[in-house]
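Undergrad:
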Amino acid sequence: MISVLSKIITNPTLVNVAQNTNGTVVSKTVVNAAGRPGFILIDSNIDNETRKFAATKEFLYQVCCLAVYLLLIVPVFKKGAFTFAKKYIYKGKEGFSKFKSVGEYFAYRNYAQKSQLNRKASLSKDHSVFKFEHDNLRNDLLDNKKPELYPHIKGSIELGNLIGSVLGLAVIAPNVSQALIHPMLRAIGMEKKEKTKPINTKV
Amino acid sequence: MINFIKNICKNLGNNNKSIYPVIAIATANGICRPTFTMLKKGENPESKKYAALREGITEFIAVPTYWVSGVLAAKFGEKVASKAMDLHFKAQEKKGFFLANEVKQEMKSSAIRKGKAGLMLIGVCSAAGIIIPALCSVCVTPIMKRLKPKTENQPKKLDIKESFVPNIVVTQIKTPQKFIDNAVFKSNVSCSGMRVGGI
Chain A
948 MISVLSKIIT
958 NPTLVNVAQN
968 TNGTVVSKTV
978 VNAAGRPGFI
988 LIDSNIDNET
998 RKFAATKEFL
1008 YQVCCLAVYL
1018 LLIVPVFKKG
1028 AFTFAKKYIY
1038 KGKEGFSKFK
1048 SVGEYFAYRN
1058 YAQKSQLNRK
1068 ASLSKDHSVF
1078 KFEHDNLRND
1088 LLDNKKPELY
1098 PHIKGSIELG
1108 NLIGSVLGLA
1118 VIAPNVSQAL
1128 IHPMLRAIGM
1138 EKKEKTKPIN
1148 TKV
Chain B
294 MINFIKNICK
304 NLGNNNKSIY
314 PVIAIATANG
324 ICRPTFTMLK
334 KGENPESKKY
344 AALREGITEF
354 IAVPTYWVSG
364 VLAAKFGEKV
374 ASKAMDLHFK
384 AQEKKGFFLA
394 NEVKQEMKSS
404 AIRKGKAGLM
414 LIGVCSAAGI
424 IIPALCSVCV
434 TPIMKRLKPK
444 TENQPKKLDI
454 KESFVPNIVV
464 TQIKTPQKFI
474 DNAVFKSNVS
484 CSGMRVGGI
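Each protein sequence line maps, in turn, to chains A and B. Here our numbering is used: the first residue of the first sequence is 948, the next is one more, and so on. Here our numbering is used: the first residue of the second sequence is 294, the next is one more, and so on.
(1) How far does the alpha helix (DSSP H) with A:S991 in it extend, from its first residue to its last?
(2) Would you kindly work out how many angstroms separate the C-alpha atoms of A:I1110 and B:I316, rounded to a whole number?
(3) Can a CB atom of chain B be found closer than 8 Å to the CB of A:Q966?
(4) Beta-carbon separation of B:I405 and B:A374 under 8 Å?
(5) Could you pull out every residue in the same chain whose Cβ sits closer than 8 Å to the Cβ of A:I1119, ignoring the five residues on either side in sequence?
(6) Cutting at 6 Å between CB atoms, please list the residues of its own chain near A:Y1058, excluding the five before and the five after it.
(7) Determine the burial state of A:N969: buried for a count of at least 16 other Cβ atoms within 10 Å of its Cβ, exposed for fewer.
(8) I want to verify the contact list: residues of chain A whose CB lies under 9 Å from the CB of B:Y343, in sequence order.
(9) Between B:G370 and B:S311, how many whole angstroms is the CB-CB distance? I'm expecting something under 8 Å.
(10) Quick one: is A:R983 near chain B, going by C-beta distance under 8 Å?
(11) According to DSSP, is B:S419 helix, strand or coil?
(12) Let me see if you follow: with CB-CB separation under 8 Å, is B:Y313 close to chain A or not?
(13) Any idea what DSSP makes of B:R488, helix, strand or coil?
(14) Counting along the chain, where does the alpha helix (DSSP H) carrying A:L1114 start and finish?
(15) So does the stretch 1096–1103 of chain A actually touch the stretch 294–312 of chain B, counting three or more Cβ pairs closer than 8 Å?
(16) Exposed or buried, which one is A:T1003 when buried takes at least 16 other CB atoms within 10 Å?
(17) What are the uninterrupted segments assigned as alpha helix (DSSP H) that are 4 or more residues long and contained completely in the stretch 368–447 of chain B, given in chain order?
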């Protein structure tokens, strides 16, 4: 029993998601989208129609938050943080000059976290033969048992993601969802458009 | 300042915990959502205050809940991973595979680190999906009731004794009397703000 539980909680995918700001925020928002409407639906103090309306509204709000986060925040802040840190904080030093983009850094990091045997096997595959053939990165990966992980690069990306998450979910998403939720509720028939009375212009 | 940011980056890179983003978001939500609600135009100020207070309280509950559930889950994860590794080593020894203490220590510390991170994420997610909505549905309404100010327009109860009421019927009294001199009557007038009997 305990070994099964341990296998689940030490699962590499789960650990990667847990140590990644984006992964944590996305999983939290998905859980919120399921949990909050669920709790509204089981609240017996409210009448049925209000319950349905509030639950749908909450669900749409969380979906909007998730969409804003994935479409706007993740791409902008992930790349932006790397570029900003490279130019202004580390000024191209301390390993930043070795990586051209965020994608390249994370690909390198994925290899570096593997065992040396697995790493050698992966790097000798056809599509990876010419990977990291600059700045001594390939030799680092092949020869060292524990290659340098450049934690400050990951940290700067995580800091950018953290700032983006706060900005996205606390400032941008509420305003965007405010504009989107009511038309969406009207589209699914949960809300009726208020009819404005025609103005009598005749005197 | 740059060194401070570099330290943060290094720490986040080495050990990024799932409670950091959720606590940061909840704190920002606790400040921004009530502010946005109060800034809305064309809504009743009282209902705006009520909604803003409700949102503030919800996030005020969320911040410590995320922290406590994350930390507790991580501690539990540490114990589970440590015990599972001990059982694994014992099983290996029964099969005749003996590992050096250094290797054991390294494997154990790696498993503990992973177990803490994994279960912390599960703890944070269960706080977001179950614990916080449940706590809010239990706590927010009573707190709101306590914090709600008593409205001044609501008339206060008059403390008129039942036996006193028949004496007020003054239609039978022929000679006019100065009712204003009656101390009880005076106090009632000042409390209720109503004019009784045309005074």
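For each residue, glycine too, the CB sits at the ideal point set by N, CA and C. Bear in mind that the values here come from a model prediction, so they are computed numbers and not experimental data.
TA: On the basis of the supplied data:
(1) No alpha helix (DSSP H) holds A:S991; DSSP gives it neither H nor E.
(2) 12 Å
(3) So, interface residue.
(4) yes
(5) Excluding sequence neighbours, A:I1119 sits near V1015, L1019, I1020.
(6) R1066, L1088
(7) buried
(8) Here the premise fails: no neighbours, minimum Cβ distance about 15 Å.
(9) 11 Å between Cβ atoms; not a contact.
(10) yes
(11) Of the three classes helix, strand and coil, the one that applies to B:S419 here is helix, per DSSP.
(12) yes
(13) The predicted position of B:R488 is uncertain, since its pLDDT is 36 and thus under 50; a value taken from the coordinates is nonetheless stated next. DSSP places B:R488 in coil when its eight states are reduced to three.
(14) Under the DSSP assignment, A:L1114 falls in the alpha helix (DSSP H) whose first and last residues are 1098–1114.
(15) Yes: the two stretches touch, three or more of their Cβ pairs being nearer than 8 Å.
(16) buried
(17) 394–419, 425–440
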